[in-house]
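Residue numbers (my numbering), protein chains in the order written: chain L, 1 to 344; chain B, 1001 to 1344.
To start, the structure under review is shown below, and the notes come after it.
There are 2 protein chains.
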Amino acid sequence: MPTIRDVADQAGVHPSTVSRVFSGNAKISDETRARVLSAAQQLGFQPNAIARSLSVRRTETIAAVVPHVFQGYFEDAFFPQVMSGLLDAAYPRGFRILLSGSNSHADEITQMFQILGSRQADGIVVLSTRLDVDTVGALRRQSTPFVILGRPVAEYPDICWVDTDSERYTAECVRYLINLGHRRIAYVGGDPEVAVTRERQAGYQRAMDEAGLPVNPNWIVYGYFAENGGYRAVHHIKEIGETMPTAFYAANDLMAIGVMRALRELDLCVPTDVSVIGTNDAPEAKHIFPALTTLRVPYAKMATKAAELLIDAILSDEPATGKAYIPSRLIVRDSTAPCKTSEV
Amino acid sequence: MPTIRDVADQAGVHPSTVSRVFSGNAKISDETRARVLSAAQQLGFQPNAIARSLSVRRTETIAAVVPHVFQGYFEDAFFPQVMSGLLDAAYPRGFRILLSGSNSHADEITQMFQILGSRQADGIVVLSTRLDVDTVGALRRQSTPFVILGRPVAEYPDICWVDTDSERYTAECVRYLINLGHRRIAYVGGDPEVAVTRERQAGYQRAMDEAGLPVNPNWIVYGYFAENGGYRAVHHIKEIGETMPTAFYAANDLMAIGVMRALRELDLCVPTDVSVIGTNDAPEAKHIFPALTTLRVPYAKMATKAAELLIDAILSDEPATGKAYIPSRLIVRDSTAPCKTSEV
DNA sequence: GCTATACTTGCAAGCGGTTGCATAGATTGC
DNA sequence: GCAATCTATGCAACCGCTTGCAAGTATAGC
C-alpha cells in the first residue's frame, strides 16, 4: 500500500502537499494538484483513514451496541428499523456506523464504555433499554457525545435523548378501546425490567383511571415480549377464574399474536368477542388474520433523529443536546370492534 | 484524555512498559504491572484504539455495506438476519462491524472500495447481489480479505463465498408441488437483475424438465420482491387468458402473500384450489392465513459462516478461502395441498 | 567467583497523515 | 523600482501506541 510519502516522491513534492491535495481545503496550484493526483493515480494511492483519524482525532463513525436481547424482544421490529434509521442519518453526512455485539446487559454497558474510552467512534447512540442512573452518570462524565434512544429514568437537564411518548400513546390505545365500549381491559406488558414496560403500564393505568374504570391487578400480565408470553397471559387470566377481559392491549405485536392464538383456542372470536391491540406494527401485523390493530412506533425515525442530533454535536464539538418525542400512531385494522357486552 | 505517556510518568516507567502491560503478551514484573495498572486506574486511562490500529495495522473490525435496496427487497428477512449472523461470529472473536450505507448499486461498490482502500476495516463481507466480473476482479486485485455472501456469477477458483444452493432448493420446492400432483406451476421471481432470481428460475426449470412438465413462459413472472409484484403476477396470468396454474412458487414471502391476496380476490381458495410456496420464512409467514409453506433460507447462518471465514483469514493473514453452501429447508405449513384437478 | 542465560525495562524509530509556522517567489500598490 | 502583501509549498513536530534491539540486573551453572 503506497503512502502519502510515496506519492510525494513520485510527484516531486513534499508529503504535506499531498496531504493538502487530498484533504481538499488548502490552496494548491492547479499544476501541483494535477501532478500529485496523477502520481496517486499511478500508485493506486488512497489515504489511510486510520492514520487520518489519529491525527485529526475524528473517525467519522458513530457507534451503537446491539442489545444482547434483540433476538428476543427486538426482532419484531426494533432492530432493523433502528439500523435503517441510523444509516439514513449517518450515510448522507459521511458517517459510518460501528456496531458491537453484547452478551448480557452488563456487557452492553462495558462495550459502550470500551468504544467510548478507546475513541473508536466520535459518538454513540445508546440503545440500552435499562439504563440505570449510574450508567447515565458515567456517560455524562466522559467527553464523547452520546444520545439515548429512549428516555432515561432520572431526568438530567443536559442529556440528549429521543423517544416516543409511550405512556401517552398507550393511553390513547386504551382510550380507543374504552370508546368502543370496553370496560374490562387487560394489559400485557413486556419485560417489567425494561423502562418502556413501565411507561406503557402507566399509560394504561392513566386511561383507565381517567375513565373511572377499575384496574384488576390480575389483568396486568408480563409476557416478556414473546408470542408465548401473550399466549400464556390469556390462559393465566382464564385459570385464575376471572371473567375474561373484553379487550387486550399488548406491548408488542408478537404478544398480541399470542393473545389471539389463545383466544382462538378458547373459542373467543376476535374482534367480535374480544378486541386486541398490539404495538410496533411489525410486518406480520397486517398479514395476520384478523389484521392486527396496532400502535405503530416510529423506531426508524427515532433513530434518524438520534443520529442527527449526535452528528450535529460531533460536528459542533459540543455535547449533544436536545430532547425529542417522535409521535406514535394507532393503526386501526380488524382486531378491534365495539364491545358487544356493553355493561352500563 | 490521558495517554500512555501520562500513565508512564505517573508510574515512573517508560511508555513502552505501559504499552506492554496493556497489550498483555509481554513479561512484566508483577510489581511494575501493579504500579502501571494503578496509575492507569487513577488517571482513567484507556488505550486509544485508533493509535493502536495505526501501529499494528489491524482494526479488529469487519465491514459490510448495506445494499441500498434493503428497504425494498431485503426488509423481509435478509438484513436483520444477516446482521445478527455477522454479530454472532464477530462479537465472540472480539471484532466489531463497520457499516456503510449506499444510495445506488454503483455507490455500493464505491463504498466497498473506499473502506477497503482506506483500511478502515480488516476485511469485508460483500452483500451486493449483483456483482459483476469487473468488481470481483478488482476485489481480488486488492489485498484486504473479503468473502462474498452469495455466489458470484463467474467461477474464480480462489475466491471465498458462502451461499445457499438456490437452484437446488427451489427445485426441491417445485418437486414437492409436483409430488402433490400439480402440473401447472408458476414461478414468481424477484428482480431479474439479481443473481438469485436466475438461480431459482433455473431450479424451477430443472424440476419441471425432470418431471417432463411443460413450462409455459407466461407462468414466469417477475414480482421484484414486492407484495404487489406477487399480486400483479396473478392478475397478469389471469388477464392474458391462460388457465390458472394450480400452484405458485414465489421467490420471497412477500410476493407469496401478494399471490394469495390476488387469489382470494379471484375466489380461488388456498390451498384447496391453488397451492402457494414462498421463500425466506419471514416472520409473517407463519402468522398469515393460511400459514405459508415456505423455503427457509438460513441468512443468519450464512452470514455467520461468512464472517467466520473472513476472520479466520484476517487472523492468519491470508486471503479468505473456502466456499460453503448452507442448506435451506422447506417448511411445510397450510398453503400447499394435493392438486384436486389431477389431470392424468 | 565468574561467565552464561534469563528477565525486565528503556530507547527510539516507526505506523501514515495533519498542520502551524516559515520562506521563497509572485503580485500589487504607489 | 521597492516595500508590502499574497500564494504556494516545505519543514518538522505531533496524533498515541508498538516493537526490535540494546542494556542492565538477577539467577543459574560449574
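For each residue, glycine too, the CB sits at the ideal point set by N, CA and C.
Top-ranked residue by Cα proximity to residue 309(L), from 212(L), 46(L) and 123(L): The residue you call residue 309(L) lines up with position 309 of the first sequence. Closest option to residue 309(L), Cα to Cα, is 123(L).
Write down the C-beta distance between residue 295(L) and residue 328(L) rounded to the nearest angstrom, noting that I regard them as a contact closer than 8 Å. In the first sequence, residue 295(L) corresponds to position 295, counting from 1. In the first sequence, residue 328(L) corresponds to position 328, counting from 1. At roughly 5 Å, the Cβ-Cβ gap stays under 8 Å, so residue 295(L) and residue 328(L) are in contact.
CA nearest to the CA of residue 1120(B), picked from 1049(B), 1199(B) and 1036(B): As a first step, residue 1120(B) must be located in the second sequence, where it is residue number 120. For the residues 1049(B), 1199(B) and 1036(B), the minimum Cα distance to residue 1120(B) belongs to 1049(B).
Close-in-space but distant-in-sequence residues of the same chain around residue 1262(B) (CB under 6 Å, 5 per side omitted): Translated into the one-based positions of the second sequence, residue 1262(B) becomes position 262. Here the set comprises 1231, 1234 and 1235.
For residue 1054(B), go through chain L and note every residue whose CB falls closer than 7 Å to its CB, in chain order. Here residue 1054(B) refers to the residue found at position 54 of the second sequence. Here the neighbours are 50, 51 and 54.
Can you look up residue 163(L) in the DSSP assignment and give me helix, strand or coil? Working through the first sequence from its first residue, we reach residue 163(L) at position 163. If DSSP states are grouped into helix, strand and coil, residue 163(L) belongs with the strands.
Residue 149(L) (DSSP reduced to helix, strand or coil): Residue 149(L) sits at position 149 when you count from the first residue of the first sequence. Note: residue 149(L) maps to strand in three-state DSSP.
Whose Cβ in chain B lies nearer than 7 Å to the Cβ of residue 117(L)? Taking the first sequence and counting its residues from 1, the one referred to as residue 117(L) is at position 117. Here the neighbours are 1046.
Closest to residue 218(L) by C-alpha separation, out of 212(L), 197(L) and 244(L), would be which residue? Working through the first sequence from its first residue, we reach residue 218(L) at position 218. For residue 218(L), the nearest C-alpha among the options comes from 244(L).
Strictly under 9 Å for the Cβ-Cβ distance: is residue 1087(B) near chain L by that measure? One-based indexing of the second sequence puts residue 1087(B) at position 87. It does: the Cβ of residue 1087(B) has a partner Cβ on chain L nearer than 9 Å.
For residue 137(L), count neighbouring Cβ atoms within 10 angstroms of its own Cβ and tell me buried if that reaches 16, exposed if not. Taking the first residue of the first sequence as 1, we reach residue 137(L) at position 137. Exposed, since its Cβ has fewer than 16 Cβ neighbours within 10 Å.
Which residues in chain L sit within 7 Å of residue 1257(B), going by Cβ to Cβ distance? The sequence position of residue 1257(B) within the second sequence is 257, counting from 1. 287, listed in chain order.
Which residues in the same chain as residue 1104(B) place their Cβ atom closer than 8 Å to its Cβ, once the five residues preceding and following it in sequence are excluded? As a first step, residue 1104(B) must be located in the second sequence, where it is residue number 104. Excluding residues within five positions, the ones whose Cβ falls inside 8 Å are 1068.
Does DSSP put residue 110(L) in a helix, a strand or coil? Within the first sequence, residue 110(L) is the residue found at index 110, counting from 1. Reduced to three states, the DSSP call for residue 110(L) is helix.
Looking at chain B, is there any beta carbon in it that lies within less than 9 Å of the beta carbon of residue 143(L)? In the first sequence, counting from the first residue as 1, residue 143(L) sits at position 143. Residue 143(L) counts as touching chain B.
Could you tell me which of 116(L), 2(L) and 36(L) sits nearest to residue 58(L), measuring between CA atoms? Counted from its first residue, the first sequence places residue 58(L) at position 58. Considering only alpha carbons, the answer is 116(L).
Minimum Cβ-Cβ distance from residue 284(L) to chain B less than 9 Å: Residue numbering aside, residue 284(L) sits at position 284 when the first sequence is read from its first letter. Closer than 9 Å to some Cβ of chain B, the Cβ of residue 284(L) qualifies, so yes.
Can you tell me the Cα-Cα spacing of residue 1196(B) and residue 282(L), whole angstroms? Here residue 1196(B) is taken as the residue at index 196 of the second sequence, counted from 1. Here residue 282(L) is taken as the residue at index 282 of the first sequence, counted from 1. Roughly 26 Å between the two C-alpha positions.
Per DSSP, what kind of secondary structure is residue 1270(B) in: helix, strand or coil? Taking the first residue of the second sequence as 1, we reach residue 1270(B) at position 270. In this structure, residue 1270(B) counts as coil in the three-state DSSP scheme.
Between which two residues does the beta strand (DSSP E) holding residue 275(L) run? Position 275 of the first sequence holds residue 275(L). 275–279 is the span of the beta strand (DSSP E), which, as asked, contains residue 275(L).
Answer yes or no: do residue 1149(B) and residue 1302(B) have a C-beta to C-beta separation smaller than 9 Å? Translated into positions along the second sequence, residue 1149(B) becomes position 149. Translated into positions along the second sequence, residue 1302(B) becomes position 302. Their beta carbons are under 9 Å apart, which means residue 1149(B) touches residue 1302(B) by this criterion.
Chain L beta carbons: is any one of them nearer than 9 Å to that of residue 1101(B)? Position 101 of the second sequence, counting from 1, holds the residue named residue 1101(B). At least one chain L Cβ lies under 9 Å of residue 1101(B).
Between the CA atoms of residue 1172(B) and residue 1153(B) - distance to the nearest angstrom: Residue 1153(B) sits at position 153 when you count from the first residue of the second sequence. Residue 1172(B) sits at position 172 when you count from the first residue of the second sequence. Roughly 22 Å between the two C-alpha positions.
Is the region 5–14 of chain L touching the region 39–53 of chain L, taking contact as three or more C-beta pairs under 8 Å? yes
Leaving out five residues before and five after residue 251(L) in sequence, what residues of the same chain have Cβ atoms less than 6 Å from its Cβ? Counting from 1 along the first sequence, the entry for residue 251(L) is found at position 251. For residue 251(L), where only same-chain residues beyond five positions count, the Cβ hits under 6 Å are 189, 190, 200 and 279.
Entirely within the region 188–264 of chain L and at least 4 residues each: give me those alpha helix (DSSP H) ranges in chain order. Note on the region 188–264 of chain L: whole alpha helix (DSSP H) runs with a minimum of 4 residues are 195–210 and 227–239, in chain order.
Measuring only between beta-carbons, confirm whether residue 126(L) sits less than 9 Å from chain B. If you number the first sequence from 1, residue 126(L) lands on position 126. With 9 Å as the cut-off, residue 126(L) does not count as an interface residue toward chain B.
Determine whether the beta carbon atoms of residue 204(L) and residue 176(L) lie at a separation below 9 Å. Mapped onto the first sequence, residue 204(L) falls at position 204. Mapped onto the first sequence, residue 176(L) falls at position 176. No, these two residues do not count as a Cβ contact at 9 Å.
Nearest to residue 240(L) by alpha carbon, out of 52(L), 221(L), 151(L) and 126(L)? Taking the first sequence and counting its residues from 1, the one referred to as residue 240(L) is at position 240. Comparing Cα positions, the closest option is 221(L).
Looking at the ligand NAD, does it come within less than 8 Å of residue 137(L), judged from the CB to the closest heavy atom? Questions concerning the ligand NAD fall outside what the structure shown contains, since it holds no ligand whatsoever.
Does any CB atom of chain L fall closer than 9 Å to the CB of residue 1061(B)? Taking the second sequence and counting its residues from 1, the one referred to as residue 1061(B) is at position 61. Closer than 9 Å: yes.
From 1085(B), 1113(B), 1012(B) and 1031(B), residue whose alpha carbon lies closest to that of residue 1297(B): As a working mapping, residue 1297(B) is identified with position 297 in the second sequence. Of the listed residues, the one whose Cα sits closest to residue 1297(B) is 1085(B).
Identify the continuous alpha helix (DSSP H) that holds residue 1064(B) and give its terminal residues. Taking the second sequence and counting its residues from 1, one reaches residue 1064(B) at position 64. Bounds of any alpha helix (DSSP H) do not take in residue 1064(B); it lies within the beta strand (DSSP E) bounded by 1061–1065.
Under the rule that 16 or more other beta-carbon atoms within 10 Å means buried, what is residue 131(L), buried or exposed? What you label residue 131(L) is simply residue 131 of the first sequence in a count that begins at 1. Buried.
Minimum Cβ-Cβ distance from residue 120(L) to chain B less than 9 Å: Reading the first sequence from its first residue, position 120 is the one you call residue 120(L). Residue 120(L) counts as touching chain B.
Note down, in chain order, every chain B residue with its Cβ under 7 Å from the Cβ of residue 67(L). Residue mapping note: residue 67(L) aligns to position 67 of the first sequence, counting from 1. Correct list: empty, because the minimum Cβ distance to chain B is about 11 Å.
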